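These protein sequence lines map, in sequence, to chains S and L. Numbering-wise (our numbering), the first sequence opens with residue 16 and increments by one. Numbering-wise (our numbering), the second sequence opens with residue 5 and increments by one. Glycine included, every Cβ here is placed at the ideal spot set by N, Cα and C. Keep in mind the model is a prediction, meaning the values are calculated, not measured. First the structure, in the form of structure tokens, and then the observations on it.
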Amino acid sequence: MQDKLITLLILLPLLGAGILLIIPARHKEIFRRGALLVTILQLLIALSMVSRFQPGSAMQLVEHRSWINMDLGTWGIWKADYWVGVDGLSLPLILLSVVVLFFAALAARKIKFKQKGFFVLFLVLDAAVIGSFTAQDLLLFYLFFEFMLLPMYFMIGIWGGPRREYASMKFFLYTLFGSILILIVFIGLYLSGSDPGSASLTHTFGLPYLQDIARYTPGAVLSPDTPGTLGWFTWREWAFLLLLTGFAIKLPAVPLHTWLPDAHVEAPTAVSVLLAALLLKVGGYGIIRVAYPLFPAEAVHFSWLVAGLGVVSILYGAFNSLASKDLKRLIAYSSVSHMGFVLVGIASVTGSGVTGAVFQMVSHGILSAMLFLLAGMLEERTGNRLIENHSGLSSRLPHYTLFVLIAFFASLGLPGFSGFIGELFVLLGAFTAATSTGYVSLTLAFAALGGLILAAGYFLWAIQRMFFGPFAIKADQVRLKDLTFFDVGLLLPLSLFTLVLGVYPQPLLNLINGFTVYWLQLMTTHQP
Amino acid sequence: MADLLHVVPEMVLAAGMVLVLLAGFWKLSWTRIWWLAFLVLVADLLFSADFFYPEPQTIFSGMLRVSSFAAVIRMLLIVSGLLTMLLAWIVPTERRASEYYFLLLAMVWGGQWLTLSNHFVSMLVSFEILSITGYLLVNFGFDQRSAEGSLKYFLFGAAATALMIYGASMLYGLTGTLDFASSRMAEQLADADRNLTLIAGLALMAGFLFKIAAAPFHFWAPDVYESLPWPMLALFSTVPKFAGLAALLKVLLSLHAFGLSPVNWTIALGAVATLTLIAGNFAALWQQDTRRLMAWSSVAQSGFMLISLASLSATTGRFLVFYMAAFAAGNFLTVHGLALLEKRTGSGRIDAYAGQGMGSVWSSVALTLGLISLTGLPPVVGFTAKLFLFAGLWEIWQQSGAGVHLILFVFGLLNTVVALFFYLKVPYQLFLKPVSGAIISARDDAGSNLFRIILVVWVLWAFFQPGLLMGWLNNLNFDL
Numbered sequence: 016m017q018d019k020l021i022t023l024l025i026l027l028p029l030l031g032a033g034i035l036l037i038i039p040a041r042h043k044e045i046f047r048r049g050a051l052l053v054t055i056l057q058l059l060i061a062l063s064m065v066s067r068f069q070p071g072s073a074m075q076l077v078e079h080r081s082w083i084n085m086d087l088g089t090w091g092i093w094k095a096d097y098w099v100g101v102d103g104l105s106l107p108l109i110l111l112s113v114v115v116l117f118f119a120a121l122a123a124r125k126i127k128f129k130q131k132g133f134f135v136l137f138l139v140l141d142a143a144v145i146g147s148f149t150a151q152d153l154l155l156f157y158l159f160f161e162f163m164l165l166p167m168y169f170m171i172g173i174w175g176g177p178r179r180e181y182a183s184m185k186f187f188l189y190t191l192f193g194s195i196l197i198l199i200v201f202i203g204l205y206l207s208g209s210d211p212g213s214a215s216l217t218h219t220f221g222l223p224y225l226q227d228i229a230r231y232t233p234g235a236v237l238s239p240d241t242p243g244t245l246g247w248f249t250w251r252e253w254a255f256l257l258l259l260t261g262f263a264i265k266l267p268a269v270p271l272h273t274w275l276p277d278a279h280v281e282a283p284t285a286v287s288v289l290l291a292a293l294l295l296k297v298g299g300y301g302i303i304r305v306a307y308p309l310f311p312a313e314a315v316h317f318s319w320l321v322a323g324l325g326v327v328s329i330l331y332g333a334f335n336s337l338a339s340k341d342l343k344r345l346i347a348y349s350s351v352s353h354m355g356f357v358l359v360g361i362a363s364v365t366g367s368g369v370t371g372a373v374f375q376m377v378s379h380g381i382l383s384a385m386l387f388l389l390a391g392m393l394e395e396r397t398g399n400r401l402i403e404n405h406s407g408l409s410s411r412l413p414h415y416t417l418f419v420l421i422a423f424f425a426s427l428g429l430p431g432f433s434g435f436i437g438e439l440f441v442l443l444g445a446f447t448a449a450t451s452t453g454y455v456s457l458t459l460a461f462a463a464l465g466g467l468i469l470a471a472g473y474f475l476w477a478i479q480r481m482f483f484g485p486f487a488i489k490a491d492q493v494r495l496k497d498l499t500f501f502d503v504g505l506l507l508p509l510s511l512f513t514l515v516l517g518v519y520p521q522p523l524l525n526l527i528n529g530f531t532v533y534w535l536q537l538m539t540t541h542q543p
Numbered sequence: 005m006a007d008l009l010h011v012v013p014e015m016v017l018a019a020g021m022v023l024v025l026l027a028g029f030w031k032l033s034w035t036r037i038w039w040l041a042f043l044v045l046v047a048d049l050l051f052s053a054d055f056f057y058p059e060p061q062t063i064f065s066g067m068l069r070v071s072s073f074a075a076v077i078r079m080l081l082i083v084s085g086l087l088t089m090l091l092a093w094i095v096p097t098e099r100r101a102s103e104y105y106f107l108l109l110a111m112v113w114g115g116q117w118l119t120l121s122n123h124f125v126s127m128l129v130s131f132e133i134l135s136i137t138g139y140l141l142v143n144f145g146f147d148q149r150s151a152e153g154s155l156k157y158f159l160f161g162a163a164a165t166a167l168m169i170y171g172a173s174m175l176y177g178l179t180g181t182l183d184f185a186s187s188r189m190a191e192q193l194a195d196a197d198r199n200l201t202l203i204a205g206l207a208l209m210a211g212f213l214f215k216i217a218a219a220p221f222h223f224w225a226p227d228v229y230e231s232l233p234w235p236m237l238a239l240f241s242t243v244p245k246f247a248g249l250a251a252l253l254k255v256l257l258s259l260h261a262f263g264l265s266p267v268n269w270t271i272a273l274g275a276v277a278t279l280t281l282i283a284g285n286f287a288a289l290w291q292q293d294t295r296r297l298m299a300w301s302s303v304a305q306s307g308f309m310l311i312s313l314a315s316l317s318a319t320t321g322r323f324l325v326f327y328m329a330a331f332a333a334g335n336f337l338t339v340h341g342l343a344l345l346e347k348r349t350g351s352g353r354i355d356a357y358a359g360q361g362m363g364s365v366w367s368s369v370a371l372t373l374g375l376i377s378l379t380g381l382p383p384v385v386g387f388t389a390k391l392f393l394f395a396g397l398w399e400i401w402q403q404s405g406a407g408v409h410l411i412l413f414v415f416g417l418l419n420t421v422v423a424l425f426f427y428l429k430v431p432y433q434l435f436l437k438p439v440s441g442a443i444i445s446a447r448d449d450a451g452s453n454l455f456r457i458i459l460v461v462w463v464l465w466a467f468f469q470p471g472l473l474m475g476w477l478n479n480l481n482f483d484l
């Protein structure tokens with residue numbers, strides 16, 4: 016049966032972008048309202064998807080149509096499909112996406128010029144993000160993945176801060192380089208596997224097909240039975256490393272993260288929110304969805320590397336946060352640190368670790384959106400974001416301080432907020448692995464634990480420096496005014512989300528768990 | 005006489021060329037001559053639409069060979085010529101219409117012959133038609149700059165042609181035949197001396213490398229492109245390239261002699277392709293002048309096409325044709341956008357376009373699409389073309405196990421990142437840089453809009469439905 020809800024979810028923003036393109040640029044207010052309308056409709060669609068989703072591991076709401084189908088004679092048939100669906104991994108991220116997109120569209124009222132261009136790009140990005148999270152065909156996934164680059168490039172480059180040109184170019188080159196590595200592997204997989212159910216040799220990009228080892232042509236380069244090596248590694252190990260590098264750039268993991276602080280510091284608030292809350296998740300999603308299930312044996316073989324990258328990201332990000340002078344840079348590095356937990360959770364290949372990693376992605380999506388909104392609000396009020404220029408803000412901005420406290424405490428993993436659940440499960444998984452399979456060594460697990468303490472350190476220290484003590488501000492333009500009704504409207508729902516997920520995580524955990532069970536099966540049945 | 009029926013398009017074009025010359029003699033107006041030349045090309049296209057051979061045929065006692073491959077390339081050449089004509093209408097630069105369009109048609113004509121040629125003699129003659137019209141066209145500005153470009157082009161061309169003739173004569177000595185598609189050629193090559201064959205083949209390749217602006221015979225490109233008006237620049241980066249690549253593929257397939265040749269031509273071609281990619285991409289990074297940028301871009305694109313050629317197989321030949329069709333669209337879209345920008349701002353330097361993107365939004369967006377297609381990013385056909393090209397390379401590698409294909413595969417893909425850097429320089433200036441003076445806005449005329457819409461629709465449509473073009477190419481008999 017062909018379900019059309021996901022297609023609707025992807026097409027709606029594209030349609031919206033098309034309509035906005037026709038409207039003359041002088042109607043400045045229409046564009047944001049149009050984008051908002053689209054995101055509200057998407058929220059409704061996503062809710063109806065949730066209501067129709069049956070708990071379990073299967074891919075649901077699937078739409079599968081033939082897209083490219085070419086007969087190349089002796090080379091077999093080459094095909095690519097339009098194939099989308101959601102499961103326990105995609106659905107939470109879809110929900111996160113529509114929520115964050117809605118709030119980003121709200122926050123984008125601070126965009127004061129070229130609104131038309133901004134919201135058209137915003138909607139294109141919207142479609143690309145949803146598409147990445149739902150595509151079941153590798154070519155389709157790759158297209159959506161690439162499609163996020165150009166809108167983001169222009170959004171940072173046109174509406175960003177003083178060093179926006181440098182930051183946007185760096186972002187583009189890093190991520191394009193990463194996606195070329197991914198493309199190399201996709202082409203290899205494509206020509207190594209085949210589609211069942213057809214008489215002649217049919218090459219396919221279908222992810223579920225390629226996850227099945229029986230579908231690989233014997234002797235093909237990336238077929239599991241091929242012993243070919245290049246240098247130290249087998250072909251499949253190379254392929255896994257390329258995929259890992261490509262997605263780790265997006266995630267980002269240290270040492271491939273250097274584009275992120277620049278991009279965040281220069282991007283306008285709404286764009287930072289999208290970048291941190293959604294685009295980074297595509298990296299984590301790619302590792303869970305593509306890299307691991309396609310190369311289970313290789314992934315386990317390199318689990319020390321994945322866990323190591325994760326722990327290095329956790330610690331290095333945390334230390335950089337401690338040293339950051341700019342509030343936005345602090346938050347950007349804290350993102351690196353938090354995404355490190357995702358890597359550790361995946362590397363553990365345990366139920367709790369992977370569930371925790373996905374939970375952490377959702378939680379970090381909400382929290383980073385909130386943190387970047389807060390940083391943006393500070394900049395509106397004092398004209399800069401340097402920590403040293405602010406002190407004792409709590410006396411003048413009590414409501415603002417309250418929300419900063421919520422966001423900071425939730426991020427540093429205070430029980431009762433969502434960040435705690437995600438990191439707890441990841442660490443549980445890491446220690447389970449350390450004591451059983453050894454995929455994450457005990458040292459690394461303890462080091463990841465140390466990241467929690469560092470997180471407490473940089474967040475609390477920032478609070479102490481900026482919000483307590485005698486009131487003093489060094490700023491050119493001070494318009495100190497506590498949160499407006501609108502600001503509260505942005506922050507309050509996000510705070511509630513993180514609180515609800517922290518206090519009652521069960522529904523989300525159940526949803527994710529359905530996927531995790533299936534994922535672990537994939538990982539274990541294919542072990543040699 | 006029956007053989008003449010196979011070259012009806014060439015004869016139509018030849019008659020048309022005479023008419024265009026006569027029109028100058030009768031002092032017809034520029035517009036009329038343009039229409040005449042345009043209609044001649046349209047007629048050429050219509051006549052050539054009927055020549056897709058289920059079985060290739062050798063005609064004129066082995067001089068020419070008609071095949072589906074030649075027919076497809078011929079259509080590509082004519083369509084490139086037509087697009088050049090349209091560009092010349094949109095950005096008129098040259099008042100001496102009769103000679104100018106005569107030479108334009110002659111270039112397409114030479115390309116058509118070159119694609120058909122099956123014998124070193126016919127190949128050299130058609131190669132010279134292509135070259136001589138080229139030398140004349142470059143000099144058509146009649147100023148110092150075009151004289152310099154023309155002289156450079158001529159000297160390079162003369163040397164390259166000399167090398168090519170040298171190579172052909174050596175091959176004649178080695179094999180005793182000038183008919184490069186004959187079985188005798190293949191048989192003799194199988195026993196030929198390895199070093200002599202290598203030298204002869206490389207010398208023969210020199211001429212083609214010169215024509216398609218590939219390393220190490222690419223040095224003329226920036227100077228020549230700089231002296232050309234935009235429509236001619238577009239012509240120079242398409243017609244000689246396509247015809248040259250098609251002929252090179254034919255010649256190399258026969259030199260390859262079904263793998264019997266003592267020389268591994270894949271490695272030789274791979275080396276040339278690598279060199280060309282490096283030269284084109286890295287030199288393009290430093291360019292500030294749009295024409296020079298397009299010149300280096302043209303060199304780099306030749307590198308990508310050579311990669312596909314290096315596998316020396318019919319299926320990658322299909323992908324090569326697809327790549328050519330994609331490249332032509334991206335190239336004409338880009339040239340059109342750059343020409344309009346230059347007209348609007350009066351400058352050919354990239355940094356002069358800072359912030360000018362809003363002056364003519366659609367024009368800038370179309371230009372960006374063209375550049376993205378040349379880079380090879382979705383959602384435009386340039387991506388599909390590169391995807392096919394590299395997937396074909398992987399398949400060849402998987403079948404043959406020769407490491408050279410893998411090296412080309414990885415190296416070529418990584419080069420697209422470099423390409424992104426310089427192609428994006430233009431939209432970067434247009435949209436991201438703050439404007440330095442006033443934004444100069446312009447309204448485009450209907451012709452410009454039509455030209456743009458056709459190409460934009462094509463690059464998008466061929467991305468979303470690549471199966472139609474590719475499927476059609478696959479159904480043709482690509483026996484060369």
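Using DSSP with H/G/I as helix, E/B as strand and the rest coil, what is residue 94/S? The answer is strand: DSSP assigns residue 94/S an E or B state.
Could you please give me the residues that DSSP links to residue 221/S through a beta bridge? Answer is 152/S.
Tell me which residue opens and which closes the beta strand (DSSP E) that residue 551/S is part of. The question about residue 551/S has no answer, for chain S in this structure spans 16 to 543.
Could you pull the DSSP bridge partners for residue 99/S from this structure? In the DSSP assignment, the residues bridged to residue 99/S are 78/S and 150/S.
Assuming residue 56/L and residue 72/L form a contact by the criterion Cβ under 8 Å, report the distance between their Cβ atoms to the nearest whole angstrom. Rounded to whole angstroms, the Cβ separation of residue 56/L and residue 72/L is 5 Å, and the two are in contact under 8 Å.
Shorter than 8 Å from the beta carbon of residue 137/S to some beta carbon of chain L? For residue 137/S, the answer is no, since every Cβ of chain L falls outside 8 Å of its Cβ.
For a test of the three-state rule: what should DSSP assign to residue 214/L, helix, strand or coil? Collapsing the DSSP output to three states places residue 214/L in a helix.
Would you say residue 70/L faces chain S, with C-beta separation under 8 Å as the test? The beta-carbon of residue 70/L is placed no less than 8 Å from the nearest beta-carbon of chain S.
Can you list the residues of chain S that residue 360/L reaches, using a CB-CB cut of under 8 Å? Within chain S, no residue comes near residue 360/L; the closest Cβ sits about 14 Å away, beyond 8 Å.
Opening and closing residue of the alpha helix (DSSP H) in which residue 22/L lies: For residue 22/L, the enclosing alpha helix (DSSP H) covers residues 12 to 29.
With 8 Å set as the bound, which would you pick, yes or no: does the beta-carbon of residue 86/S sit closer than that to a beta-carbon of chain L? Yes - at least one Cβ of chain L is within 8 Å of the one on residue 86/S.
Could you tell me the distance, in whole angstroms, from the CA atom of residue 143/L to the CA atom of residue 155/L? Straight-line measurement puts the Cα of residue 155/L at about 8 Å from the Cα of residue 143/L.
Check whether the Cβ of residue 475/L lies closer than 8 Å to any Cβ atom in chain S. Cβ-Cβ to chain S under 8 Å: yes for residue 475/L.
Who are the near neighbours of residue 537/S in its chain, counting only those whose CB is closer than 7 Å to its CB and skipping five residues on each side? Taken in chain order, the residues that qualify are 226, 308 and 311.
Between residue 2/L and residue 196/L, how many whole angstroms is the CB-CB distance? I'm expecting something under 8 Å. Shown here, chain L extends from 5 to 484; a query on residue 2/L therefore has no answer.
Whose C-beta lies closer than 7 Å to the C-beta of residue 88/L among residues of the same chain, with five residues either side of it excluded? By the criterion of a C-beta distance shorter than 7 Å, residue 88/L is surrounded in its chain by 108, 235, 238 and 239, once the five residues flanking it on both sides are discounted.
Could you please give me the residues that DSSP links to residue 353/L through a beta bridge? In the DSSP output, where bridge partners are listed per residue, residue 353/L has 293/L.
Could one say the Cβ of residue 180/S lies closer than 8 Å to chain L's Cβ atoms, at least one of them? Yes, its Cβ sits closer than 8 Å to a Cβ of chain L.
Any C-beta of chain L within less than 8 Å: which residues of the segment 195 to 209 of chain S qualify? Those residues of the segment 195 to 209 of chain S that come within reach of chain L (Cβ to Cβ, closer than 8 Å) are 195, 198, 199, 202, 203, 205, 206 and 207.
Counting along the chain, where does the beta strand (DSSP E) carrying residue 61/L start and finish? Start and end: 61 to 63.
Could you pull out every residue in the same chain whose Cβ sits closer than 7 Å to the Cβ of residue 352/L, ignoring the five residues on either side in sequence? Around residue 352/L: 293, 294, 295 and 346.
Distance, Cα to Cα, residue 203/S vs residue 236/S? Going by the C-alpha atoms only, they are around 7 Å apart.
Less than 8 Å between the C-beta atoms of residue 319/S and residue 456/S, yes or no? It is a contact, given that the beta carbons lie within the stated cut-off.
Are the beta-carbon atoms belonging to residue 341/L and residue 439/L less than 8 Å from one another? Cβ atoms of residue 341/L and residue 439/L: not closer than 8 Å.
Suppose only complete runs of 4+ residues qualify. What are the alpha helix (DSSP H) ranges in the segment 426 to 473 of chain L, listed by chain order? The segment 426 to 473 of chain L contains these whole alpha helix (DSSP H) runs: 450 to 468.
When you compare only the Cα positions, how much space is there between residue 73/S and residue 460/S? One Cα belongs to residue 73/S, the other to residue 460/S, and the distance between them is close to 32 Å.
Sequence-distant residues of the same chain with beta carbon closer than 7 Å to residue 406/S, five excluded per side: When the five nearest sequence neighbours on each side are left out, the beta carbons in the same chain lying within less than 7 Å of the beta carbon of residue 406/S are those of 480, 481, 484, 485, 486 and 487, in order along the chain.
Could you check the C-alpha separation between residue 416/L and residue 215/L for me, to the nearest Å? Residue 215/L has its alpha-carbon roughly 22 Å from the corresponding atom of residue 416/L.
If we ignore side chains and look at the alpha-carbon of each, how far apart do residue 227/L and residue 233/L end up? Near 12 Å, if we compare the C-alpha coordinates of residue 233/L and residue 227/L.
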